[in-house]
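Below you can see the structure in the form of structure tokens.
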């Protein structure tokens with residue numbers, strides 16, 4: 001991908017200003033008058049519709065090209081100059097005329113806070129070699145062309161994130177036909193690995209109760225995962241773990257990771273071992289430091305591990321604000337009874353005077369600190385009406401008291417009622433997290449906004465599984481399902497279970513709970529299975545229903561929650 005910047009909507013765009021002639025030349029080449037705009041291989045017009053771009057790219061990628069291009073680079077990092085080589089092979093008949101090779105230097109990972117909210121910019125066109133015109137070529141099936149171009153990298157660019165993109169394009173006049181890109185090749189100029197911590201998991205089976213959370217007095221294994229977010233492989237990676245926390249000692253402080261290819265995530269080949277002091281206060285977040293090294297590479301990172309014997313969250317929003325906070329630009333988060341999933345209260349982002357959100361919002365609703373166990377999930381019911389393709393609700397997680405936010409999901413468009421969503425929190429296991437719901441709108445169309453209700457973070461020491469007998473049930477028929485409960489611990493667990501149903505459109509059934517609260521005990525590593533049935537009323541509304549079973553320990557601990565969808569038909 002190559003991104004060309006233009007003079008609207010911001011004439012001060014620094015990426016446009018850095019190369020006005022060539023950005024303008026490519027804009028005029030394709031003749032478009034608004035942004036964002038995408039041409040796929042010069043032949044597929046994205047029509048400025050970002051929501052369709054992924055599918056258009058996928059379809060185009062399946063088409064076979066008559067050319068192959070291999071790109072290599074020779075580069076001197078001291079002079080910041082080099083030569084790019086392209087070998088172009090015609091593997092099939094060439095039916096296009098007026099072919100040209102274009103050479104483009106792009107830069108990625110550029111930090112800049114743009115007015116549209118983008119903070120990191122990728123594939124930015126920096127220079128076209130020697131210019132936007134390119135060079136004409138003639139090639140037929142069986143031919144091989146070996147071409148080269150000298151280039152220079154500006155000192156203001158990060159050469160580690162600069163690439164040369166070479167493409168062959170058919171260049172008739174716009175009235176004469178399409179301007180198809182037949183093939184593209186790319187090579188990084190001075191690639192480097194970039195390793196960072198991305199996750200941890202606690203194994204307290206041998207030296208604890210096996211619930212995946214470090215607790216006072218336990219000896220636990222800790223597996224750490226690293227991701228290579230760079231553009232070169234990292235070889236022979238190892239890392240030393242240390243801490244200044246008075247309640248944590250580390251008997252085994254080193255681990256190997258082997259080789260980590262670009263964009264790959266790798267767990268440690270052996271676990272670290274942590275010993276937690278018996279008198280550790282709870283909950284307690286311990287900062288651990290990681291010194292990572294490889295061949296000609298070293299970097300430091302840090303992360304949190306939480307000591308706690310409780311985990312999970314259940315908040316149906318009926319008890320007031322609780323530990324939730326909110327803030328940000330044009331913060332209109334507040335509790336309401338205007339639209340709800342469960343009976344009386346939800347959180348709403350928008351102006352309650354007219355039930356619309358505002359332009360240019362960046363406002364967040366933030367949960368209290370919650371400990372997540374391995375395998376934990378975030379369950380939430382959401383109603384939203386947001387400008388499609390432009391205004392979004394982001395679901396984000398911060399793992400630790402002062403960590404940055406990681407996006408785990410988003411909503412956009414129209415939900416047509418309350419909808420159940422589940423987000424995986426396994427990457428944040430064994431640590432206390434905050435979850436936030438962040439509203440982000442542009443300066444265009446507005447609508448009603450975003451409602452959040454019934455937030456649950458599970459603590460799956462018991463695994464719940466639901467298998468319906470059938471997913472289509474006629475009016476007056478019988479809905480049946482089998483619930484299986486498996487105890488993951490080496491000790492008995494007692495808890496309560498309830499089942500609830502939501503009607504078509506996400507409307508919470510006034511007769512809930514259908515079952516429970518019912519007390520259940522499962523022995524160590526034991527399993528309980530139960531088949532249950534419900535009669536569907538003859539006048540039940542037609543459509544899709546959500547059946548939901550929750551197990552936990554009231555009032556605020558949810559162990560697990562599972563659901564299935566069934567359809568009532570005539």
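Numbering (the UniProt record's numbering), first residue to last: 1 to 570.
We put the beta carbon where it would ideally sit given N, CA and C, even for glycine.
Between which two residues does the alpha helix (DSSP H) carrying residue i extend?
| i | result |
| --- | --- |
| residue 55 | 53 to 61 |
| residue 517 | Unbroken run through residue 517 is the beta strand (DSSP E), 515 to 522; no alpha helix (DSSP H). |
| residue 14 | 14 to 17 |
So, for residue i: in the same chain, excluding its five sequence neighbours on each side, which residues have a beta-carbon less than 6 Å away from its beta-carbon?
| i | result |
| --- | --- |
| residue 522 | 485, 487, 493, 528 |
| residue 326 | 333, 365 |
| residue 351 | 332 |
| residue 534 | 479 |
| residue 249 | 275 |
| residue 540 | 475, 568 |
| residue 176 | Low confidence applies to residue 176: its pLDDT is 49, below 50, so where it sits in the model is not reliable, and the reading given next is rough at best. Closer than 6 Å at the Cβ level, and outside the excluded window around residue 176, lies no residue. |
| residue 294 | 234, 235, 236, 237 |
| residue 148 | 83, 85 |
| residue 362 | 328, 329, 440 |
| residue 129 | 103, 149, 151 |
| residue 445 | 387 |
Tell me which same chain residues have a C-beta within less than 7 Å of the C-beta of residue i, skipping the five on either side of it?
| i | result |
| --- | --- |
| residue 197 | 224, 226, 290, 301, 303 |
| residue 525 | 487, 490 |
| residue 160 | 190, 191, 192 |
| residue 512 | 500, 501 |
| residue 23 | 4, 5, 6, 16, 125 |
| residue 542 | 568, 569, 570 |
| residue 262 | 228, 230, 231, 232, 233 |
| residue 30 | 39 |
| residue 174 | The predicted position of residue 174 is uncertain, since its pLDDT is 48 and thus under 50; a value taken from the coordinates is nonetheless stated next. Contacts found: 31. |
Considering just the uninterrupted stretch of the beta strand (DSSP E) at residue i, what are its terminal residues?
| i | result |
| --- | --- |
| residue 30 | Here residue 30 belongs to no beta strand (DSSP E); instead the alpha helix (DSSP H) covers 20 to 30. |
| residue 141 | From DSSP, residue 141 is part of no beta strand (DSSP E); its letter is neither H nor E. |
| residue 332 | Element bounds for residue 332: n/a, residue is neither H nor E. |
| residue 636 | Any answer about residue 636 is impossible in this case: the structure gives the chain only from 1 up to 570. |
| residue 237 | 234 to 242 |
| residue 303 | 297 to 307 |
| residue 495 | 493 to 503 |
| residue 348 | 346 to 349 |
| residue 474 | 472 to 474 |
| residue 272 | 272 to 276 |
| residue 421 | 419 to 424 |
Do the CB positions of residue i and residue j come within less than 8 Å of each other?
| i | j | result |
| --- | --- | --- |
| residue 178 | residue 43 | yes |
| residue 267 | residue 373 | no |
| residue 324 | residue 367 | yes |
| residue 447 | residue 505 | no |
| residue 165 | residue 144 | no |
| residue 546 | residue 563 | yes |
| residue 210 | residue 558 | no |
| residue 370 | residue 277 | no |
| residue 357 | residue 442 | no |
| residue 204 | residue 218 | yes |
| residue 96 | residue 170 | yes |
| residue 280 | residue 307 | yes |
| residue 450 | residue 384 | yes |
| residue 577 | residue 498 | Because residue 577 is not part of the residues shown, which for the chain are 1 to 570, the question remains open. |
| residue 572 | residue 168 | Beyond the ends of the chain as shown, which are 1 and 570, falls residue 572; an answer cannot be given. |
| residue 127 | residue 19 | yes |
| residue 88 | residue 110 | no |
| residue 341 | residue 454 | yes |
| residue 392 | residue 408 | no |
Please classify residue i: is it buried, with 16 or more other beta-carbons within 10 angstroms of its beta-carbon, or exposed?
| i | result |
| --- | --- |
| residue 11 | exposed |
| residue 244 | exposed |
| residue 59 | exposed |
| residue 581 | The structure shown does not extend to residue 581, since the chain is modelled only from 1 to 570, so the question has no answer here. |
| residue 269 | exposed |
| residue 552 | buried |
| residue 200 | buried |
| residue 530 | exposed |
| residue 234 | buried |
| residue 452 | buried |
| residue 72 | exposed |
Short of 8 Å in beta carbon distance, which residues of its chain neighbour residue i, apart from the five on each side in sequence? Order them along the chain.
| i | result |
| --- | --- |
| residue 309 | 213, 215, 216, 282 |
| residue 298 | 291, 292 |
| residue 81 | 75, 150, 151, 152, 153 |
| residue 271 | 203, 221, 222, 223, 252, 255 |
| residue 434 | 366, 367, 368, 369, 370, 397, 398 |
Validate contact between the segment 480 to 490 and the segment 417 to 435 using beta carbons, cut 8 Å, 3 pairs: Proximity of the segment 480 to 490 to the segment 417 to 435 falls short of the contact definition, fewer than three beta-carbon pairs being nearer than 8 Å.
Cβ contact check for the segment 458 to 477 and the segment 330 to 348: 3 or more pairs under 8 Å: no
Stretch-stretch touch, CB-based, cutoff 8 Å, three pairs: the segment 134 to 143 with the segment 100 to 111: With the cut-off at 8 Å, the segment 134 to 143 and the segment 100 to 111 touch.
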